[in-house]
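Asks: Residues in the sequence shown are numbered consecutively from -6, following the working numbering.
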Amino acid sequence: MKTVNIAIDGPAGAGKSSIAKKVSAELGYIYVDTGALYRAVALYLTENETADADIPEALKNADISLRFVDGEQRVYLGNRDVSGLIRTPAISMAASRTSAIPAVREYLFETQKKIARENNVIMDGRDIGTVVLPDADVKIFLTASAEERANRRFRELSEKPDCPAYQEILDDIIKRDYNDMHRETAPLKQADDAVLFDTTSMNLEESSEKLTELIRSKLNGG
C-alpha cells in the first residue's frame, strides 16, 4: 500500500516544526523533523571535536535515532535524550554548516527515505521536496520574514537569563539563511511544484488550520 508523503521546506525559524507537528496530529500522520537529525549530527561532531576531514569515519560510530515517546518525537544519541541540547544557537549554526557536508547528508539520506516509505509522514527540512522526497504527494515551502522569525525567537528565549539581543538573533537568522541558500550541496530553495505558504501575519493556530486545509485540498485533487 502506497504511503502518503508531505514535504515541508523553508528557512530556519519559520515555524515548520511547530506547525508540522499540529498538522500531522490532525491528519494522523507521523511527523519527521529532519532538522533535528542534522542538529544531532552537529552535536555529535561538536562534542567529539571532529575535524571536517574525519567526519566520514566518525559517522560510522554515530548512533542517532528518532523515538516517539507519548506521541512526541525525541532525539537520541545512543541512549541519551538530546532533544534539548540540539536547540542551542551554537548547535543551530553548527548544523547549518555541517549539513552542507556530503558525508553528513549521505549518512541521513537513506534514514529519511526509509521512514517515508514505511509511514504516512509530514517531513520538514531544507531539501525535502527537492532532494529527499522529490515525488512527495504535496510539497509546501513554508516561510516568514526574517524580522518576524527573529521576533518569535526572541520571545521564545526572553525568559532565559542569557537571552541574546534581538539584533543578534536577527543577524544569526540572516546569516543562516544565506548559508543555507548558497551551499553547494542541496541548497535551500522552493521546489518548482511546491506551494508557497507565508506565516508572517499568522499565529500558530491560524497557520496550522490553514495548512491542514491546504494539504487536504491538494490530496483531494484541489
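Note that CB positions come from ideal geometry on N, CA and C, so glycine has one too. Computed from a prediction, not measured in an experiment: that's the story for all the values here.
Quick check on DSSP: helix, strand or coil for GLY118?
Replies: Here the question's residue 118 lines up with position 125 in the sequence shown. DSSP places GLY118 in strand when its eight states are reduced to three.
Asks: On the three-state DSSP scale, how would you describe ARG98?
Replies: By 1-based counting over the sequence shown, the position of residue 98 is 105. Helix.
Asks: Grab me the residues of GLN160's own chain with a C-beta within less than 7 Å of its C-beta, minus the 5 sequence neighbours each way, in chain order.
Replies: The residue you call residue 160 lines up with position 167 of the sequence shown. Correct list: empty, nothing qualifies.
Asks: Looking only at C-alpha atoms, which of SER11, GLN66, LYS168, ASN113 sits nearest to GLU198?
Replies: In the sequence shown, counting from the first residue as 1, residue 198 sits at position 205. Taking only the C-alpha atoms, the option nearest GLU198 is SER11.
Asks: Terminal residues of the continuous beta strand (DSSP E) containing ARG60?
Replies: As a position in the sequence shown, residue 60 is number 67, starting the count at 1. From DSSP, the beta strand (DSSP E) with ARG60 extends over 57 to 62.
Asks: Give the C-beta separation of THR205 and GLY8 to the nearest angstrom, bearing in mind that I take them to be a contact with Cβ-Cβ under 8 Å.
Replies: Taking the first residue of the sequence shown as position 1, residue 205 is located at position 212. Taking the first residue of the sequence shown as position 1, residue 8 is located at position 15. Contact flag wrong, Cβ pair sits at about 14 Å.
Asks: To the nearest angstrom, report how far apart ASN(-2) and LEU20 are at their CA atoms.
Replies: Along the sequence shown, read from residue 1 onward, the residue named residue -2 stands at position 5. Along the sequence shown, read from residue 1 onward, the residue named residue 20 stands at position 27. Rounded to whole angstroms, ASN(-2) to LEU20 spans 12 Å at the Cα level.
Asks: Whole angstroms are fine: how far does the CA of THR27 sit from the CA of ARG67?
Replies: Your numbering for residue 67 matches position 74 in the sequence shown. Your numbering for residue 27 matches position 34 in the sequence shown. C-alpha separation (whole angstroms): 12 Å.
Asks: I want to know whether the segment 61 to 80 touches the segment 22 to 37 - three or more CB-CB distances under 8 Å.
Replies: yes
Asks: Return the CA-CA distance between ASN172 and GLU202, expressed in angstroms with no decimal places.
Replies: Your numbering for residue 172 matches position 179 in the sequence shown. Your numbering for residue 202 matches position 209 in the sequence shown. Roughly 31 Å separates the two Cα atoms.
Asks: Less than 8 Å between the CB atoms is what I'm expecting for VAL62 and LYS132, so what's the real figure, rounded?
Replies: Residue 62 sits at position 69 when you count from the first residue of the sequence shown. Residue 132 sits at position 139 when you count from the first residue of the sequence shown. At roughly 29 Å, the Cβ-Cβ gap does not stay under 8 Å, so VAL62 and LYS132 are not in contact.
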